[in-house]
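Participant: Residue numbering for the sequence shown follows the UniProt record's numbering, beginning at 1 and increasing consecutively. All C-beta atoms, glycine included, are put in the ideal place defined by N, C-alpha and C. If you're wondering where the values come from, they're calculated on a predicted model, not measured in any experiment. Pasting a structure here, questions to come.
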Amino acid sequence: MADFPWNNNFGTPTPAPAPVDDSKPVNEAGQADDSENWSASGEDSQPDVQPEETDSVDETTPDREEETSVKGAKTTRRKTAKKNSSFPHLEAASYAKIKDMLDVLSDDRTANIAKILCETSKTDAPVLLEVLTETKTRKRVAEFSKFVKELAGAQPSDLKMRLAFAFMEDKTLSKTLFAVLNAAEPDRGFGRASGEPMKDVNAVAEHWGDGVDLSVVEKLKI
Numbered sequence: 001m002a003d004f005p006w007n008n009n010f011g012t013p014t015p016a017p018a019p020v021d022d023s024k025p026v027n028e029a030g031q032a033d034d035s036e037n038w039s040a041s042g043e044d045s046q047p048d049v050q051p052e053e054t055d056s057v058d059e060t061t062p063d064r065e066e067e068t069s070v071k072g073a074k075t076t077r078r079k080t081a082k083k084n085s086s087f088p089h090l091e092a093a094s095y096a097k098i099k100d101m102l103d104v105l106s107d108d109r110t111a112n113i114a115k116i117l118c119e120t121s122k123t124d125a126p127v128l129l130e131v132l133t134e135t136k137t138r139k140r141v142a143e144f145s146k147f148v149k150e151l152a153g154a155q156p157s158d159l160k161m162r163l164a165f166a167f168m169e170d171k172t173l174s175k176t177l178f179a180v181l182n183a184a185e186p187d188r189g190f191g192r193a194s195g196e197p198m199k200d201v202n203a204v205a206e207h208w209g210d211g212v213d214l215s216v217v218e219k220l221k222i
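As structure tokens, this is what we get:
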């Protein structure tokens, strides 16, 4: 029996397996190591390095606290100064007279005259004193004080002339003068102003007599 060549396809020879190159060994461990150096996204994974912790010192905090403290002190001083100044529109030299005026205003007659010149219904000494320190009131008191000084010691004819000029120049002056005269000398019976200059002049002259002491008006000046 003749030798029958072995093949798998009835005549087609089976290809011989490729020779293995033993000169280049496969390093499976190396491949595994390389795969561990890649992340799922394909980027190299780097080890997390935590920064060294250092003690931070906020150098600005003391300055801010100091600045706030200084501002607070200034604000406190301003508020205290304002609170202690009851009459801020006066000069320091006027405070000495204010103490004396509180005693002057304790007199009922003086308080009534001050009430008329201050154009208020209050008779409390502190309230009157506060109104007397106002610029408008101070001017009114100064002008009225000058006017009554001119009347002091005037002869009857001179008195009438001064009153006539004053009443014609200031229509409200007669009303103020009558109110002050009645407060200073309630027993004289000066009556009330009529609004007619000459009629009021005669009424004042009739009850003027030897004069009326209105020196208290000068004490109300500040």
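For the alpha helix (DSSP H) that R162 lies in, which residues bound it at each end?
Facilitator: Looking at the DSSP string, the run of the alpha helix (DSSP H) that includes R162 is 156 to 169.
Participant: Measuring straight from C-alpha to C-alpha, what distance separates W208 and S215?
Facilitator: For W208 and S215, the distance between alpha carbons rounds to 15 Å.
Participant: Pick out the complete beta strand (DSSP E) segments inside the region 111 to 151, 3 residues or longer, and give them in chain order.
Facilitator: Whole beta strand (DSSP E) segments, 3+ residues: zero.
Participant: From the DSSP output, in three-state form, read off F178 for me.
Facilitator: Looking at F178 - three-state DSSP - the assignment turns out to be helix.
Participant: Under 8 Å between the Cβ atoms of V212 and E185?
Facilitator: For V212 and E185, yes; Cβs fall inside 8 Å.
Participant: Between the C-alpha atoms of L159 and D100, what's the straight-line distance to the nearest angstrom?
Facilitator: Those two C-alpha atoms are separated by around 32 Å.
Participant: Since E206 is in the alpha helix (DSSP H), which residue starts that stretch and which ends it?
Facilitator: Counting along the chain, the alpha helix (DSSP H) containing E206 begins and ends at 197 to 208.
Participant: Count the other CB atoms, across all protein chains shown, that sit within 10 Å of the CB of A32; report buried if there are 16 or more and exposed otherwise.
Facilitator: Note that A32 scores 44 on pLDDT, short of 50, meaning its location in the model is unreliable; the coordinates nonetheless yield the value given after this. Answer is exposed; the Cβ neighbour count stays below 16.
Participant: Using only the alpha-carbon positions, how far apart do E143 and D124 sit?
Facilitator: E143 and D124: Cα-Cα distance of roughly 24 Å.
Participant: Skipping 5 residues on each side, what residues in its chain have a beta carbon closer than 8 Å to that of A205?
Facilitator: P156, L159, K160, L163, listed in sequence order.
Participant: Kindly indicate the opening and closing residues of the alpha helix (DSSP H) around E218.
Facilitator: Note, E218: alpha helix (DSSP H), 216 to 219.
Participant: Contact check, F190 vs N202 under 8 Å by CB: the rounded distance?
Facilitator: No, F190 and N202 are not in contact; Cβ-Cβ is about 12 Å, not under 8 Å.
Participant: Which same chain residues end up closer than 6 Å to V180 when comparing Cβ atoms and leaving out the 5 residues on each side of it in sequence?
Facilitator: Here the set comprises I113, I116.
Participant: Which word fits D58, buried or exposed, when buried means at least 16 other C-beta atoms lie within 10 angstroms of its C-beta?
Facilitator: Note that D58 has pLDDT 48, beneath the 50 cutoff, so the model's placement of it is unreliable and no number is given.
Participant: So for V212, helix, strand or coil by DSSP?
Facilitator: Here V212 sits in coil by DSSP.
Participant: Count the other C-beta atoms from every protein chain shown that fall within 10 angstroms of the C-beta of F178, then say buried if there are 16 or more, exposed otherwise.
Facilitator: Classification of F178: buried, given that the 10 Å Cβ count is 16 or more.
Participant: How is the alpha helix (DSSP H) around D187 delimited, first residue to last?
Facilitator: From DSSP, D187 is part of no alpha helix (DSSP H); its letter is neither H nor E.
Participant: Alpha carbon to alpha carbon, what distance is there between L132 and C118?
Facilitator: Cα to Cα, C118 sits roughly 7 Å from L132.
Participant: How should D108 be labelled, buried or exposed, when 16 other C-beta atoms within 10 angstroms of its C-beta is the threshold for buried?
Facilitator: Looking at its Cβ environment, which holds fewer than 16 other Cβ atoms inside 10 Å, D108 is exposed.
Participant: Assign F165 to one of two classes, buried (16 or more other C-beta atoms within 10 Å of its C-beta) or exposed (fewer than that).
Facilitator: Exposed, since its Cβ has fewer than 16 Cβ neighbours within 10 Å.
Participant: Only counting the same chain, and skipping five residues up and downstream in sequence, which positions put a Cβ closer than 6 Å to that of L102?
Facilitator: The answer, listed in chain order, is A125.
Participant: Would A193 and D200 be called neighbours here (beta carbons separated by less than 8 Å)?
Facilitator: Contact flag set, yes.
Participant: Considering only the alpha carbon of each residue, which of Y95, L128, T120 lies closest to V106?
Facilitator: Reading the sequence as shown, one finds Ser at residue 106 and not Val. It is L128 whose Cα lies nearest to the Cα of S106.
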